[in-house]
Structure formats: C-alpha cells, structure tokens
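K.L.:
There are 2 protein chains.
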Amino acid sequence: MGRPAEKQSERRQDVAQAALRVIAREGLERASMRAIAAELGATLGVLTHYFPNKDALLRLILETVGAEIREAFDSVPLRRPADLHALIGEILPVDGPRRNLWKIWLSFAVAAADSPALAREHAREYGELTVRMAAALTRLAPQLRANLQVQAEAETLICLMDGVGLHGALMPERMPPSRQRAILKAHIDALARKETASHA
Amino acid sequence: MGRPAEKQSERRQDVAQAALRVIAREGLERASMRAIAAELGATLGVLTHYFPNKDALLRLILETVGAEIREAFDSVPLRRPADLHALIGEILPVDGPRRNLWKIWLSFAVAAADSPALAREHAREYGELTVRMAAALTRLAPQLRANLQVQAEAETLICLMDGVGLHGALMPERMPPSRQRAILKAHIDALARKETASHA
DNA sequence: CAAATTAAATAACATCTGTTGTGCTTTTTT
DNA sequence: AAAAAAGCACAACAGATGTTATTTAATTTG
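As you go down the protein sequences, you meet chains A and B in turn.
Read in this note's numbering, the first sequence has 29 at position 29, and its numbers run on one by one without any break.
Numbers given in this note's numbering equal positions in the second sequence, counted from 1, plus 1000.
#1: Can you find a C-beta in chain B that's less than 7 Å from the C-beta of A/M1?
#2: For chain B, find out if any of its Cβ atoms is closer than 7 Å to the Cβ of A/L160; answer yes or no.
#3: Could you give the DSSP three-state label for A/Y126: helix, strand or coil?
#4: Applying a beta-carbon distance threshold of less than 8 Å, which residues of chain B neighbour A/H49?
#5: So with CB distances below 7 Å, who are the chain A contacts of B/K1054?
#6: Quick one: which chain B residues come within Cβ less than 7 Å of A/A113?
#7: Using a C-beta to C-beta distance shorter than 7 Å, which residues of chain B count as neighbours of A/L106?
#8: So with Cβ pairs under 7 Å, would you call A/K7 a contact of chain B?
#9: Is the CB-CB distance between B/G1165 and B/E1125 below 7 Å?
#10: Given B/T1130, which residues of its chain have a CB within under 8 Å of its CB, disregarding the five upstream and five downstream residues?
#11: Between the Cα of B/P1177 and those of B/A1019, B/R1030, B/G1089 and B/S1032, spot the shortest distance and give me the residue it belongs to.
#12: Is it the case that the stretch 31-40 of chain A contacts the stretch 64-78 of chain A, given that we only count it when at least three CB pairs across the two stretches are under 8 Å?
#13: Leaving out the 5 sequence neighbours to the left and right, which residues in its chain are closer than 8 Å to B/R1059 when beta-carbon positions are compared?
#14: Could you tell me whether the Cβ of B/G1163 comes closer than 7 Å to any Cβ of chain A?
#15: Strictly below 8 Å CB to CB, what residues from chain B border A/I183?
#16: So what does DSSP say about A/M133, is it helix, strand or coil?
#17: With distances taken Cα to Cα, identify the nearest neighbour of B/V1015 among B/A1136, B/A1134 and B/V1046.
#18: Does the Cβ-Cβ distance between A/P81 and A/Q13 come in under 7 Å?
#19: Can you tell me where the alpha helix (DSSP H) with A/M171 in it begins and where it stops?
#20: For the 8 Å Cβ check, are there 3 or more pairs between the stretch 1088-1104 of chain B and the stretch 86-105 of chain A?
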C-alpha cells in the first residue's frame, strides 16, 4: 500500500527490454520511439498505449536497470571481507552485458543532470545502493579495521567502483577487467588490514 | 611542427565558448547548432563557415575542456604529498564552473561510447591525464610509501577522482565539496603513510 | 451472444535537426 | 583601385522526432 502500485502488464516490460537493447547498442540519444518499436517488432501504437510519453518509458528503464544492479548486490552473501571481491566482480563492467548495463546507467546519470524527473529516480537508486553498501560493511565490521567509519568508507567504495566502472564501461582497452579487479582488491584489502591503527 | 597547426582564428574559439555555455546550461543533447548560434548572437552561417560539420565543433569543445583540465593540473606545483590536496581541490567539482566542466566532460565520455571520432579524442585526453598523474607520483615517490606502484596508484587515484567527480557534478546534494575533499584526502594520506610495509 | 474494454496499427501533425546553397558585405591582397 | 577572399546572414532542404487522433482487431465482461 506504500507505493502507487501501477500494474506492470508484462508487455510494458517487453517494451522496456527492447528499449534497453537499443540503448545498449546505439546509445541513449539514438533510442527514439520508432527505433524501440522496431526493435520490439511492433509500431509506435504499442508504446503510446502503455506509456503516456517518452519520459515515463525512460523512468521505467532507469528503474529496471537499478533493480538489476540491486539484484547483483543482493546475490552475493557477505560473510568474510574477501566476499567483497565476489561482489565487485558481480557488478563491475567485466563482460558485455555488464558493460551495457553500466553504459546505460551512466547515460542516465548524465541525462538526469538536465531532467528533474530522472534526477529524482536516479538519486533514489543511488541512495539504496549506499544503504546496501553501508549495511554490508557494518556486517563485516568485526573483521575490518578497528576505527573504520562505515558510512564514509561505503561512500568511498561506491565512488571508486563508479570511477573504475566508468573507465571499464567506456574505455575497456584502457581499463580491462583484470585491472578493474586489481584496483578494487587493493582498496578492499586495505580495509581488511587490521594491524595499522592509522595516524591519530 | 609536430601537430597539424590548424589556425584557430579567434572566432572559432568564440563559437566553442558559446557552445560550452549552452551545454553547461541545457545539456549536450539540447546543444543544437541553432541554440549555439543564438547563444553567440549570430546565425547558423557562422558555425558552418568555421566548421565542416557538427562533429568537428564537438571535437574542438572536447579538446578545449581537456586543455582546461590539464591547465588546472599543471597550475599546482607538487613538492610535498600534501600538495596533492591542492591539486584535487583545483580539479574536483567544488563550485559552479567546475561542476559545469565535469558535467560537460562526462557528457562527452558517454557520447564517446557511440562515436569513434569522439572516443579517440577522449582516450587521448585521458592518456595525458594518466601520464601527468603518474609523473606527479613519481616526483613525490621519496616521500610516499616505500613499495608504491606508481602506475597502478595513478590509475586508482584517477578512478577515485572520476567517481567522486561524477557524484559531485551530477548529485551535488549527496556529494558536497567537503565530502569530496574528505574522501580524496583519506586516500592520499594513506599513500603518504610510510610506516606500514604492507602484507608481503 | 452482445457490449465494452483493451491492444495495436496506421496516418497525420507540428517541430526540430544538420546540412547545403546562394547572395551580400567587408576585409585583405595584388 | 581592381580583384580576390573571407565572414556571415538568410532561406530552403530532407529527414527525424515526440505526440495525437482515428480505425481496426482481439479479448474480456455482462
């Protein structure tokens, strides 16, 4: 009863999936209504029937991508600090599908800068990711550095992932999967290193 | 004599600056030829006279932004590790102009994913940044961690900056300047901490 | 089975896009 | 001063875009 509870009549998702394929293949700016309809093997009528306008369609796509990222996050059980390696391996753009997901995600991030509606949705998704990351670090806290600031480290980790993901998705030659993993492994290992009590 | 040495007849730069203002204000996708011409207080004739097509104009803009970022990089003398704080303060999206620069930069990063011409220019700029960062760390090496891998740490630092910059530029409420600086300060301080000899 | 709702195709719209061509004015060159 | 070139405005183009009817077919409801 909390949320609007719009009915998601399957076909809406078909449209969203077709749109995702177009965006992944040709970019967000070339994902026109007609291109999406063609990808679906249908006509504009379908799109206009299920969505009041293009913005509504784009919002559903953003939500869909956000859900996929959240699922990837939740699919990894976090018991030991080393499990964070599996988590980042599940999320980073290490293969075609994941590169596409990142590409789309970043497209929306940029587009959201000029669209309040998208920006709201986008900020919400990031909020959920941060909460998840902070929860993960809290759960692992006993096995991490003693004086670790969970909230701050969660944000840092997300920023580092976004930076590596940005390079990995948009410049794969310069930032191949091996280097993506190496960078985040080094950072995570530093979190798990209990000996040093920092400078203070 | 190394580079093509195209003459940059001032007016070309005027066009580029007008385009930059439009992109900063309304986003890359809404930066049409006509919008740029209007911003310049002229007509389409000016643009078509100085540029063979829109792509050439966009490439000049990307190059201009890259030059600004490089200048910011070079404006900070790096003698002590703490100077890195000043460097990141000079580059990160901590105020309006710099947020705009990042927004434009990220727009091009995403657009480059579907435009080979832009991608080449973009990769070149990133190459130069990485070289600069690696050179900076090499210069500071004697005052940093003993077993520090310069190239790897330079890439990590750039990724972290890009991640923080992405959040700072596109979601300023969630990533204000203070937090941007805090995140990078923590990372840089860890590089400068000489005591710990790591795990090996 | 009839009526009503849903699904989808088709066509038309006004607007915006990058590009091209033409002509006028100013500046530079010879 | 004559000739040439550069700078730029203006108009027109073909095509794409989101949106809005209008119609026809399929499905559900009574």
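Don't be surprised by glycine CBs; every beta carbon is placed ideally from N, CA and C.
P.N.:
In terms of the structure at hand:
#1: Caution is warranted here: a pLDDT of 33 is assigned to A/M1, below 50, making its placement in the model unreliable, and the coordinate value is therefore given only provisionally. Nearest CB-CB separation between A/M1 and chain B: not below the 7 Å threshold.
#2: Chain B contact via Cβ: present.
#3: In the three-state reduction of the DSSP assignment, A/Y126 falls in the helix class.
#4: Going along chain B, no residue has its Cβ under 8 Å from A/H49, so there is no contact; the nearest lies around 26 Å.
#5: The contacting residues do not exist; B/K1054 stays about 13 Å from chain A at best.
#6: Within 7 Å Cβ-Cβ: G1027, K1103 and L1170.
#7: For A/L106, the chain B residues whose C-beta falls within less than 7 Å of its own C-beta are V1110, listed in chain order.
#8: Confidence is the limiting factor: at A/K7 the pLDDT is only 46, short of 50, which leaves the residue's position unreliable, though a coordinate-based value still follows. No, A/K7 lies away from the interface with chain B (no Cβ there is under 7 Å from its Cβ).
#9: No, the Cβ-Cβ distance between B/G1165 and B/E1125 is not below 7 Å.
#10: The residues are A1154, E1155 and I1158.
#11: Comparing Cα positions, the closest option is B/G1089.
#12: Touching, no, given that fewer than three Cβ pairs across the two stretches are closer than 8 Å.
#13: Closer than 8 Å at the Cβ level, and outside the excluded window around B/R1059, lie A1117, L1118 and E1121.
#14: B/G1163 counts as touching chain A.
#15: Correct list: A1152, E1155, T1156 and C1159.
#16: Note: A/M133 maps to helix in three-state DSSP.
#17: Comparing Cα-Cα distances from B/V1015 to each of B/A1136, B/A1134 and B/V1046, the minimum goes to B/V1046.
#18: Contact flag unset, no.
#19: Here A/M171 belongs to no alpha helix (DSSP H), and DSSP marks it neither H nor E.
#20: The stretch 1088-1104 of chain B makes no contact with the stretch 86-105 of chain A: fewer than 3 CB pairs, one atom from each, lie closer than 8 Å.
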